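S.K.: After the C-alpha cells below, expect a handful of questions from me.
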Amino acid sequence: MPELPEMENYKILLNELIISRSITSITINRDKSINMPAQSFINQLNNASIVQVERRAKHLLFHLSNQKVLLLHLMLGGWMFYGSEEEKPKRTIQVQLSFGAKHLYFIGLRLGYLHLLTKEECNKMLSDLGPEPLEPQFTEEIFLNILKERKGTIKLKLVDQHFISGIGNCYSDEICYEAQILPMRKLEKLKETEHRKLYRSMLQTLKSATTIGGYMEHPLYVGDKKTGSYDERCKVYDREGEICPRCKNKIVLIKISSKKCFYCPGCQF
DNA sequence: AGGGCAACCCGGACGC
DNA sequence: TGCGTCCGGGTTGCCC
Numbered sequence: 003m004p005e006l007p008e009m010e011n012y013k014i015l016l017n018e019l020i021i022s023r024s025i026t027s028i029t030i031n032r033d034k035s036i037n038m039p040a041q042s043f044i045n046q047l048n049n050a051s052i053v054q055v056e057r058r059a060k061h062l063l064f065h066l067s068n069q070k071v072l073l074l075h076l077m078l079g080g081w082m083f084y085g086s087e088e089e090k091p092k093r094t095i096q097v098q099l100s101f102g103a104k105h106l107y108f109i110g111l112r113l114g115y116l117h118l119l120t121k122e123e124c125n126k127m128l129s130d131l132g133p134e135p136l137e138p139q140f141t142e143e144i145f146l147n148i149l150k151e152r153k154g155t156i157k158l159k160l161v162d163q164h165f166i167s168g169i170g171n172c173y174s175d176e177i178c179y180e181a182q183i184l185p186m187r188k189l190e191k192l193k194e195t196e197h198r199k200l201y202r203s204m205l206q207t208l209k210s211a212t213t214i215g216g217y218m219e220h221p222l223y224v225g226d227k228k229t230g231s232y233d234e235r236c237k238v239y240d241r242e243g244e245i246c247p248r249c250k251n252k253i254v255l256i257k258i259s260s261k262k263c264f265y266c267p268g269c270q271f
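Letter by letter, the first sequence follows residues 3 to 271 of my numbering.
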C-alpha cells in the first residue's frame, strides 16, 4: 500500500527526526520481520546511529554509522510512528528502535520486513528495480523508448517494479485517470501523444502526492499534519460509485489480473 | 515476454 | 463484550 510518495514523505520527515541520534535499545516482537536471530540484530544495532535515510522505490534505506544498512519494505499495510511511550499507537508493534525517550515504531509488518544488511547485500536486493520515475535523468524520451519495447496492459506495466519502480495499485489508477486513459488498454495500442500524456501524468501525480504527504492514513508523529493529506485528493482509487470530479459519471471498479482497478468510464478513453 | 495464479502473513474489520 | 471468520495486497516464483 505505501508507494513512492508515502515512502518519500517518510524519508523527508525521518531525515529531520532521527539523524545522528544513537539507537539506545531495540525491541523485536516478531522475529519474522528481521533477517537474523534477534540477539545478533540487537547487538549490531545497539549504539549505532542513523547517518542518512534514503529511498529506493518503495524501500527505505537507513544508513548506519557502522556501515550497515537497515532495509525497510512496508508491503501491505505497514506504517511507522515516532514518539514517546505515552504517544505509542494502540496497535501491535513488530519492531521498535529507541532513541532515548523517543521511539520509532514499526507497525503492520505482516509481509513487510526490516533487514540488516551490508551495503553490498542491500544493493543486490535492489538490483532488479526499474528506474525511479522522479529522477531528473528519467526523461520523457527515455520513457517513450522503454514503452516502445514493451507490450501489455497499461496498469500492469505501471505497477511492475522491473519496468518503473515505486508505483502501486493506487497511483497507477490515479495516473491513468490524470492521463484520461483507460487502465486496461494495451501499451502498444496507444498513440505517441498518449504515451507522452502518460509520462506527464505520472510525474504530475507522483510529485503532487509527494509534496502534500501521500495518502498514508496514520500520522508519523503527534501533530504531524502533512502525512496523509493526499488521501482526500485521490480521484478514483477506492471511490467506486462516487462521482467523477471531472465529468460527473460514476467511478467503476473492475479487476485486472486480480488487482482492484478504479476508473471513470465517462472521461477515460 | 506477458499474463495468471497461488503462496506468503496476520491484524483488524465484521458478523453473530 | 467476545469469539470465530475472512480479507487485503506487494512480491515472488511457477506455469502456460
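Using N, Cα and C, we set each Cβ at its ideal position, and we do this for glycine too. Every value quoted in this text rests on a predicted model; they were computed, and no experiment measured them.
Alpha carbons only, please: which of Ile44, Glu137, Leu184 is nearest the one belonging to Ser167?
M.R.: As a working mapping, residue 167 is identified with position 165 in the first sequence. Here the closest residue by C-alpha is Glu137.
S.K.: Does DSSP put Phe273 in a helix, a strand or coil?
M.R.: Outside the displayed span of the chain (3 to 271) sits residue 273, for which this structure offers no information.
S.K.: Taking a contact to mean a Cβ-Cβ separation below 9 Å, would you say Tyr84 touches Leu62 in this structure?
M.R.: Looking up residue 84 in the first sequence gives position 82. Looking up residue 62 in the first sequence gives position 60. Not a contact, by the Cβ cut-off of 9 Å.
S.K.: Please give me, in chain order, every unbroken run of the beta strand (DSSP E) with length at least 3 that falls completely inside the stretch 72-143.
M.R.: 81-85, 95-101, 104-109, 115-119
S.K.: On the criterion of 16 or more Cβ atoms from any shown chain inside 10 Å, does Cys263 qualify as buried, or is it exposed?
M.R.: As a first step, residue 263 is located in the first sequence; it is residue number 261 there, counting from the start. When all chains shown are included, Cys263 counts as buried.
S.K.: Could you tell me the alpha carbon to alpha carbon distance between Leu146 and Asp175, rounded to whole angstroms?
M.R.: To locate residue 146, count along the first sequence from 1; it is residue 144. To locate residue 175, count along the first sequence from 1; it is residue 173. Their backbone Cα atoms lie some 20 Å apart in a straight line.
S.K.: Pull up the distance between the alpha-carbon of Lys209 and that of Pro7, whole angstroms please.
M.R.: Stepping through the first sequence from its first residue, residue 209 is reached at position 207. Stepping through the first sequence from its first residue, residue 7 is reached at position 5. Between Lys209 and Pro7, the C-alpha separation is close to 8 Å.
S.K.: Cutting at 8 Å between CB atoms, please list the residues of its own chain near Ile25, excluding the five before and the five after it.
M.R.: Walking along the first sequence from the start, residue 25 turns up at place 23. So the qualifying residues of the chain are Leu47, Asn48, Asn49, Ala50, Ser51, Ile52, Leu99, Ser100, Phe101.
S.K.: In or out: Phe271 buried (at least 16 other Cβ within 10 Å) or exposed?
M.R.: On the first sequence, residue 271 is found 269 positions in, with the first residue counted as 1. Under this definition Phe271 is an exposed residue.
S.K.: How is the alpha helix (DSSP H) around His220 delimited, first residue to last?
M.R.: Indexing the first sequence from 1 puts residue 220 at position 218. That residue, His220, is in no alpha helix (DSSP H); it is neither H nor E in DSSP.
S.K.: From the DSSP output, read off the bridge partner residues of Val55.
M.R.: As a first step, residue 55 must be located in the first sequence, where it is residue number 53. Phe64.
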